[in-house]
Every structure is written in C-alpha cells, then in structure tokens.
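Chains as they are written, first to last, in UniProt numbering: chain A, 1 to 273; chain B, 1 to 329. Ideal Cβ placement from N, Cα and C applies to all residues, glycine included. Please read the structure below before turning to the comments.
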Ligand SMILES: Nc1ncnc2c1ncn2[C@@H]1O[C@H](COP(=O)(O)OP(=O)(O)OP(=O)(O)O)[C@@H](O)[C@H]1O
Ligand SMILES: Nc1ncnc2c1ncn2[C@@H]1O[C@H](COP(=O)(O)OP(=O)(O)OP(=O)(O)O)[C@@H](O)[C@H]1O
Ligand SMILES: [Mg+2]
Ligand SMILES: [Mg+2]
C-alpha cells in the first residue's frame, strides 16, 4: 500500500522583489530538498521557527503550489500529474486548516455554507444530508447548530478557528494538514480540539500533518516529529527522541528556547501524575 | 488614564461583556485571559471605540478623565491617531493585501506624525528590526501574502507601534510566533512600557507569556471579569473555580507513554450568548456550584490582593481546594 503522503526531494523557491532595475535578486528557497512520508493514522509533527517553511510545505503537500523540484504523492498519485478535475475529485480526502482562519472563510457567506463547501464538491449528497453533517461537525468542535446561520464576523477569533477545523474534517478526510490550527485557542478548548483529532485518528485512521510552533502541543499529539530550519529538515524521529534526547544542536536550542513557555508548577495540578 | 465602570456590551444575540470594572494607569501592564469567546476582543474593541455597529455599549468608559461612552467617531479617531493603538488578533484581516507592508507601516507616521517619507521609512525599518523581522529592507517591499504567518504578525506589531502610542492593546500578539520570537516581542513591549510609560493591555491564552508581560491579570469568563489580581499570585494560586480549571488544563510536555491519553479539559463549553446563565456565567460547568449561583450574579469581593466574583467565600477559594482541580480531567 502506498504511503498516504509522500514528499520526495521537494524544493520551492520564491522570487524576491527587485531593488534595482538591473539585477533580480537570487530567489528565496523556502523549502529545500525535503523528503518525508506519512502513513495512514499517523501524526507527523512539523516544528521550526517562524519563516522556516512550514506553511509552504503544507501548501505543497496540498497541491496548492507546485514544487520547483521533486514530487508530492497523495495515496500514490503524483499531484503534479493530475488534471484539475482529478485533483478536485481527490480533494475531499485531504484537507487543510489554514494558519489564518479569516482567509479561508468567505466573509459574505454564512458559516454553514463554508463548512459544507468541501462536501458539495462531491456532488453526491442530498442537501439534508449535508446539513446534518455540518451540524454534527460544528458540535464536535464545540460550536452550535444555530451557528451555521451566522457570518464569520459574528464569531471570536478562536470560534472562527474552530469553524475552519470543522470545514477541514467535514468530509472525514484521510489526511488533515493542520497549520497552527489550535494556536489561537485557550488551553481548555485547545485540549478539546486535540482530543477530537486524536479520536478521529483512532476511530477513522485520520493521518495528521500537524504544524505548530508550540512544542508542548506538538509533543502531546505527534508520533513523529520533523524539525525544519531554513527550509530543510534538520532532524527527524519519534517524538520523544526529538523532544528529549536529540543530538541535533538546533533541535536542542529550539527546545531550550521553548523552555520559558513550559507550564511551571508553582501549583502542581491534579493532572500531574 | 483608562477608567471603566459598569461597562457592558450587548449584541442582538446577548451580552458579550457584563459590568466590567477596572482602571489602567500609565505604565500599567495588564493581562486578559479567558476561554475562547469570553469577550476579550470585544472588551478590547470597546476601549478602542471600534465595536461593530451591531454592538450596544453601556456604562462608563473614561479616557484621560473624558467620558468616551457615546462620543462620536471624530473624537475616537483623534484618540486612535496618537494615543491608542491595537495589535489585532488576525493579522491577515488587518493588513491591506494590495499594499506593500512597508507602505502600510509608514502611512500612519506620515499622516499622524507628519514625518517625511525618508524619516517614516527609517522609523519603520527600525521597527521591523526591533520586532525581529528578518531582512527588513526586503520585507518592506513585499505584500502580506508573501510573508510567513509570524512575519505578518510582526508587521502588525510594528504598525501598532508606529505612532508611539500611550496605550497599546495587544490581542494575542504572540499567537503565531515561535518561542524565541515571542520572547523577543514580549521583551520589547515590556521595555517600551517601562521606557515610555506606555500602558499595555495584553490579551493572551499563553499563560507563560502573560506571566512575563504583565504585572496584573484579569480572568474573563462568559463576558464577566471573574478574577483580578497581581500576575504572580494569580498564576500560582488562582481563587475562582474557572481560573483554577484554566491553570489545571495547561498543556505540558508529555512522554510517549501518556500520548494516547486524552488531555485534561474543563468539561462543557461556554454557552452561546443568548443562553448564558443570568447569575454566575460559569454555573453549569462549575464543580462547586451552589443552588443560587445560576440565578444570582456573584458579588465582587476582595480576596488577597485582588478581587473575585464568586458566591463562595474565602474558605473554599483560598488554599488548595484540590476537589476543584480534580474536576478538570
Ligand atoms: N508567496 C511568497 N513569495 C515570496 N516569499 C514567500 C512567499 N511565501 C512564503 N515566502 C517566504 O518563504 C519563507 C517561509 O515561509 P512560510 O510561510 O513557509 O514559513 P513558516 O515556517 O510557516 O513561518 P511561520 O511560523 O511564521 O508561519 C518566509 O521567509 C517567507 O517570507
Ligand atoms: N459582531 C458580532 N456579532 C455578534 N456576536 C459577536 C460579534 N463579535 C463577537 N461576538 C460574540 O461575542 C462573544 C465574545 O467574542 P470575543 O471576540 O470578544 O471573544 P474572545 O474572548 O476574544 O475569544 P477568542 O479567544 O476566541 O478570540 C462571542 O461569543 C462572539 O461570538
Ligand atoms: Mg506558517
Ligand atoms: Mg479574540
């Protein structure tokens, strides 16, 4: 069986703005020679400092952008070789939650419409079935059925982020690429969403490509972790190896930097056992 | 400098902020913490005079001793030009997608400070530098979509600092930032506050960021400020049952053997505005709820060096009432 997601020596460059008319600056290599695989039901954590290429990697994995070099395969199919309609038909099986929830929701559309959008692509379901699926998924992310009739601006930032997550899981995809999907949530709601993702993983074999700058959050959900630095994977391994016993100096510096963010136990909570 | 008394904000759906009461003096650094949807951004927008038209505000909001409740847009615009600034929660929605980010940051300096193009450019570049945006000169000419999430957030921070505000309202300013950059931003804001006596209202769900950035915290739940206290004491020994739940559910590093376990949460969810209990907003989810909590709004009482809005008295709230924490797993 092919891997759910496979990236094979993927590179992506961006042109930079000119400073003089004479010479175009060298392009910026946002993702450089990255290879990785993600199996069904597996959670891969992606960490790295701001600007290290995490979101670019996510867009490449989704086929929103083409790599300049290398190949991205979903379920054995090279995305670059698929026609537009083929890619569209495949889309419900791999979904993404964007870093900026505002960008992924149409401000003029009711939330229910936006959440249902990935379902409508399938063109199979009856409107009533779609509605009940939308309602179910809104409740799973801690929102209400009646929220489907509201517009995005009527929600708080964290509520909008959960709407984006609902949209990402409404088709019961095989793969979810979550780009800082829980970072705007307070700890309790964040834990609820992480628990939900773990349930989906265990019950339906959801594969998760989980990007976050919060190492505690990543460590609480990932099976494996890759560390990105300036577009390259510099470290890779089972979560505990990367988090607690990495020999890579950069990984260790990231962990050390994150130290200040780690919960301190002036008061040790009942859950600390 | 900012005095808020009995401030409430209503939408058609219900009450988003209820009876808020606090004061912020120059140089104060105040944190706001609370569950998603509890009213933090609405409170912040009301202090900026930027509530949506569908919102109705009541109560008193004084800035520099002048009553701002009910004042017109011109008065607010004047205040926002020089004195108040806000870092908005969602960078993408606050930046003009069609303008180079450098132009966006220079504009208020040109308009409100009357700086020449060259001076504005110099100042904007310095702010890019200070917020840790890599290759500032190059970023200056890029469009928002060409930046990473964390870079965009820093552009927004630079924009908010452009006109040297006396009050900075920062709504989740470090959400999209990795630990190093977040620390840098917090250090910058604290330093500005100390150096220029800038007041800082710091909204964040990141309790460690709040610990570093602020000296006082307000915990919100369902539109109420349920507890206010010095940061150090509140983060070590919170009193209000909700505040305790919040601290008990903080994420921690988890070794592999725990990875399949579910994370601790505060069971349930904040009800939608129209279904909020009329008494204590936390009733229905509170592990130590009393019979009258749901119907009667709790009194605001002094507790230690802060205030708590809860029907329970010191006995239950003080010390280590383990049963409260145990409820949140
Ligand atoms: N469309 C684009 N044009 C030019 N440069 C780009 C473009 N998209 C991304 N970049 C650059 O590529 C680099 C990687 O960006 P990316 O968004 O992947 O980072 P990231 O790891 O997601 O960072 P963050 O944690 O801040 O979100 C950044 O330096 C960014 O400025
Ligand atoms: N324009 C609006 N119309 C109707 N309801 C609104 C509007 N803006 C906010 N609300 C509601 O008011 C409540 C408070 O929202 P607010 O944005 O202040 O939450 P928040 O504490 O900032 O949450 P988050 O941490 O998720 O950003 C929420 O229930 C939200 O749905
Ligand atoms: Mg990103
Ligand atoms: Mg908010």
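Taking 9 angstroms as the CB threshold, residue 284(B) stays off the interface with chain A. Per DSSP, the beta-bridge partners of residue 14(A) are 28(A). For residue 37(A), the closest alpha carbon among the candidates 78(A), 20(A), 143(A), 5(A) is that of 5(A).
Look at residue 6(A) here: in three-state DSSP terms it is strand. Take residue 9(B), set aside five residues on each side of it, and the residues of its chain with a beta-carbon closer than 6 angstroms to its own are 16, 17, 42, 46, 55, 57, in chain order. Residue state for residue 232(A) is assigned as strand, using DSSP reduced to three classes. Remark: the C-beta of residue 99(A) is in contact range of ligand 3, defined as less than 8 angstroms to any heavy atom.
Judged by the Cβ position, residue 213(A) qualifies as a neighbour of ligand 1 at the 8 angstroms threshold, a heavy atom of the ligand being closer than this.
Pairwise C-beta distances place the stretch 18 to 30 of chain B in contact with the stretch 210 to 220 of chain B, as three or more of them are shorter than 8 angstroms.
In the same chain as residue 87(A), and ignoring 5 residues on each side of it, the C-beta atoms closer than 8 angstroms to its own belong to 63, 79, in chain order. For the options 37(B), 317(B), 48(B), 77(B), the alpha carbon positioned closest to that of residue 234(B) is the one of 317(B). Proximity of residue 51(A) to chain B, defined by a Cβ-Cβ separation below 9 angstroms, is satisfied. With fewer than 16 other Cβ atoms inside 10 Å of its own Cβ, residue 275(B) counts as exposed. Within the same chain, 105 come within 6 angstroms of residue 159(B) by CB-CB distance, once the 5 residues on both sides are set aside. Bounds of any alpha helix (DSSP H) do not take in residue 93(A), whose DSSP letter is neither H nor E. Restricting attention to alpha helix (DSSP H) runs no shorter than 4 residues, the stretch 123 to 161 of chain A encloses them at 127 to 140, ordered along the chain. Interface with chain B (9 angstroms Cβ-Cβ cutoff): residue 236(A) is excluded. Contact with chain B is found for residue 260(A), since one of that chain's Cβ atoms lies less than 9 angstroms from the residue's Cβ. Excluding the 5 residues flanking it on each side, residue 132(A) has no same chain C-beta neighbour closer than 6 angstroms. For residue 249(B), the nearest CB of chain A lies under 9 angstroms from its own CB, placing it at the interface with that chain.
Per DSSP, the unbroken alpha helix (DSSP H) holding residue 128(B) starts and ends at 117 to 130. Between ligand 2 and the CB of residue 55(B), the shortest heavy atom gap is smaller than 8 angstroms.
Per DSSP, reduced to three states, the secondary structure at residue 69(A) is strand. Annotated three-state conformation of residue 139(B) is helix, per DSSP.
In the DSSP annotation of this structure, residue 304(B) is not part of any beta strand (DSSP E), being labelled neither H nor E. Burial is judged here by how many other beta carbons sit within 10 angstroms of a residue's own beta carbon; residue 150(B) has at least 16 and is buried. Scanning its chain for C-beta atoms nearer than 7 angstroms, with the 5 sequence neighbours on each side dropped, one finds around residue 121(B) the residues 106, in chain order. In the DSSP assignment, residue 243(A) falls outside any beta strand (DSSP E) and lies within the alpha helix (DSSP H) extending over 239 to 245. Annotated as distal: residue 203(B) and residue 225(B), with beta-carbon spacing of 9 angstroms or more.
Exclusion of residue 65(B) from the 8 angstroms shell around ligand 4 follows from its C-beta lying no nearer than that to any non-hydrogen atom of the ligand.
In the DSSP assignment, residue 97(A) forms a beta bridge with 178(A). In terms of Cβ geometry, residue 227(A) and residue 254(A) form a close pair [threshold 9 angstroms].
By the Cβ neighbour-count rule, residue 278(B) is exposed, with fewer than 16 other Cβ atoms within 10 Å of its own.
For residue 93(B), the chain A residues whose C-beta falls within less than 7 angstroms of its own C-beta are 102, listed in chain order.
Residue 219(B): member of the beta strand (DSSP E) spanning 216 to 221, first to last residue.
Here residue 60(B) is bridged, per DSSP, to 5(B).
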